[in-house]
Amino acid sequence: MALTDPKIPPRFAVSDWHTSNTIIRTNAERQRDASHRVRQESRFLRNETDNHTRWTQHDSNTKLEKRIHDINNWKKSLERCLAETDAEIALLQQEKERTERALEAKKVPLDITLECLMLRENRQNIDLVRDEVEAQLHKEVEVIEGAKALLQQKVSEAFEQLCLLQEARHQLHLDITDKYTTLELDGECWRLNNNSANIGFQVNPTRTVKGSVTPETWDSFSNYNKLRAEAEMKASKHLREAIFATLQQTANDLEAQRQATEYAFRKRIHETNQAKSELEWQQKNTQQEISTLENDIKGIKEAIDAKNAPMMVAQTRLENRTYRPNVELCRDQPQYQLCHEVAEIGGSIRSLNEKLREAENALQALRSNLERINEDLAVKNNSLALESRSMEVRQKMKEVPHSMMNTGTTFRTIKNSSHTPVVENAPFDTAMQSAGSPVPVTSPHMANTYTPPASGRRLETQLVD
Numbered sequence: 068m069a070l071t072d073p074k075i076p077p078r079f080a081v082s083d084w085h086t087s088n089t090i091i092r093t094n095a096e097r098q099r100d101a102s103h104r105v106r107q108e109s110r111f112l113r114n115e116t117d118n119h120t121r122w123t124q125h126d127s128n129t130k131l132e133k134r135i136h137d138i139n140n141w142k143k144s145l146e147r148c149l150a151e152t153d154a155e156i157a158l159l160q161q162e163k164e165r166t167e168r169a170l171e172a173k174k175v176p177l178d179i180t181l182e183c184l185m186l187r188e189n190r191q192n193i194d195l196v197r198d199e200v201e202a203q204l205h206k207e208v209e210v211i212e213g214a215k216a217l218l219q220q221k222v223s224e225a226f227e228q229l230c231l232l233q234e235a236r237h238q239l240h241l242d243i244t245d246k247y248t249t250l251e252l253d254g255e256c257w258r259l260n261n262n263s264a265n266i267g268f269q270v271n272p273t274r275t276v277k278g279s280v281t282p283e284t285w286d287s288f289s290n291y292n293k294l295r296a297e298a299e300m301k302a303s304k305h306l307r308e309a310i311f312a313t314l315q316q317t318a319n320d321l322e323a324q325r326q327a328t329e330y331a332f333r334k335r336i337h338e339t340n341q342a343k344s345e346l347e348w349q350q351k352n353t354q355q356e357i358s359t360l361e362n363d364i365k366g367i368k369e370a371i372d373a374k375n376a377p378m379m380v381a382q383t384r385l386e387n388r389t390y391r392p393n394v395e396l397c398r399d400q401p402q403y404q405l406c407h408e409v410a411e412i413g414g415s416i417r418s419l420n421e422k423l424r425e426a427e428n429a430l431q432a433l434r435s436n437l438e439r440i441n442e443d444l445a446v447k448n449n450s451l452a453l454e455s456r457s458m459e460v461r462q463k464m465k466e467v468p469h470s471m472m473n474t475g476t477t478f479r480t481i482k483n484s485s486h487t488p489v490v491e492n493a494p495f496d497t498a499m500q501s502a503g504s505p506v507p508v509t510s511p512h513m514a515n516t517y518t519p520p521a522s523g524r525r526l527e528t529q530l531v532d
């Protein structure tokens, strides 16, 4: 009974006791070995992860630093491009304003040319002709209108190019602003370290933000903005060169046409003066001829009057001899002579009266012609006054420049104007050149004399400049 009491602990054999000790010892050694292995592995892993974390953080810092460097390089490049764009905008704006001033300046020569045309409408009678001066004035109007159209076109092109430059500049400015913001953010990220106060765990920080782009897209975006601005600057420079060329070209064209027109004026004034001189010469000679003819008419009348006395003497003698008595009434030689004398004197009086009528008719014709000469002289004087007035008005054209060239633009100057007076519009110039004249109409050393055809009454006179 006592041997089977459950309250009595069981008894083990000695072998069980040895086995238990062995098991405990073996397990302890195995667990210590496992613990040692775990400790070694954990130490290695700790060192490995520490090193990897430090290197990973270093790589991140390096990449952030490189990214900051790349962004900063692009920022500087875009800023240089922005500065160049601003400078180009200023230059193009300056050229646009200069072109607008040149366009505004064309009003004066146009008004002057139209005024000259209106003045010349007051010419009278035969002097109201479609001469070379009128042709050159109409051509001058066409040249001025053409110049205005060209300048207006350049103003419009400059305005459009300024808009394109402003758009390119706006894109550069936005890109640079984004670069500044990114530099601040990435700079702050680069300065963060393990001891920074403003670090902490974030919710899903590795998410891909909507709108993210690849580095290639980022680089191509800034490159596109830069290339676009450079392309617009290049186009603007070409436009400025074209504007300069147009200003120079229109100025040359207007100056050449002004000289051609004024040369036509001087030639016309000279021709009118020549015609006036001819009329004055004819007037003087006609007046002298009238005076001489009047004296001759007076002489004819006196001669007719002088024939009356001899006629009366002869007729009285004949009448008295009719009273001879009887056979004494003889048709003797005195009778025949007296009859012949009466006939001769009568014939002389008839001849003198006929010549008197012819002389009076000639005198009337001379007086009519003199009146016409005087009228034509008045017409010529009126024409000369109008031409002189036109030349005075045209002096204002020399005071107003055709283009505003007072800028620092240094483009190549156009040496030759494409606007060359053609043969149809410059016959006198062509004739002078074909005759061997060494000085063209548009030369700065323009000939100021015109030699008319040889004449015994005309002398070479100076043209009014």
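Numbering (the working numbering) for the sequence shown: 68 to 532.
We put the beta carbon where it would ideally sit given N, CA and C, even for glycine.
DSSP places Phe311 inside the alpha helix (DSSP H), whose first and last residues are Pro282 to Arg388.
One alpha carbon belongs to Glu421, the other to Thr339, and they sit about 41 Å apart. Contact check for Leu453 against Leu177 fails: the beta carbons are separated by 7 Å or more. From the listed residues Pro77, Glu347 and Ile416, the smallest Cα separation to Ala376 is found for Ile416.
The alpha helix (DSSP H) runs of length 4 or more contained entirely in the stretch 81-146 do not exist; there are none. For Thr244, the three-state secondary structure derived from DSSP is helix. In this model, His205 and Gln220 are separated by some 23 Å (Cα to Cα).
Approximately 35 Å separates the beta-carbon atoms of Ser223 and Phe332; this is outside 8 Å, ruling out the contact. DSSP places Arg274 in no alpha helix (DSSP H); its state is neither H nor E. Restricting attention to Arg335, Glu442 and Gly414, the CA atom closest to the CA of Glu201 is found in Arg335. Shown here for Lys215: same chain residues with a beta carbon closer than 7 Å to its own, the five before and five after excluded, namely Leu170 and Lys173 in chain order. Relative to the Cα of Thr180, the nearest Cα in the group Ile135, Gln326 and Asn140 belongs to Gln326.
By the Cβ neighbour-count rule, Trp141 is buried, with 16 or more other Cβ atoms within 10 Å of its own.
Rounded to the nearest whole angstrom, the C-alpha separation of Leu385 and Gln402 is 7 Å. Between the C-alpha atoms of Arg424 and Ser418 there is a straight-line separation of about 10 Å.
It is roughly 20 Å from the alpha-carbon of Asn139 to the alpha-carbon of Ala235. The three-state secondary structure of Asn449, taken from DSSP, is helix.
A distance below 8 Å between beta-carbons, with the five flanking residues on each side excluded, links Ile440 to the following residues of its chain, in chain order: Leu346, Gln349, Gln350 and Thr353. In terms of Cβ geometry, Ala381 and Leu396 do not form a close pair [threshold 7 Å]. Scanning Glu299, Ser127, Ala312 and Thr89 for the CA closest to the CA of Arg165 turns up Ala312. CA-CA distance, Gly366 to Glu182, rounds to 56 Å. If you draw a 10 Å sphere on the C-beta of Thr273, you find fewer than 16 other C-beta atoms in it, and that means exposed. Residues of the same chain with a CB within less than 7 Å of the CB of Val460, apart from the 5 flanking positions on each side, are Ile179, Glu182 and Cys183 in chain order. Contact between the stretch 298-318 and the stretch 149-164 is present: 3 or more CB-CB pairs across the two stretches fall below 8 Å. For Ser82, the closest C-alpha among the options Ile75, Arg147 and Ile90 is that of Ile90. Looking from the CA of Lys374, the closest CA among Ala426, Arg434, Glu132 and Glu411 belongs to Glu411.
Assigned with DSSP and collapsed to three states, Ile416 falls in helix. For Ala445 and Leu451, the gap between their C-alpha atoms comes out near 10 Å. Straight across, the Cα-Cα distance linking Ala150 with Thr275 is about 35 Å.
Around the beta carbon of Ala432, a 10 Å sphere encloses fewer than 16 other beta carbons of the protein chains shown; the residue is thus reported as exposed. Between Glu299 and Leu239 the beta-carbon gap is near 10 Å, outside 8 Å, which marks them as no contact. Within the model, the alpha-carbon separation for Gln228 versus Gly213 is close to 22 Å.
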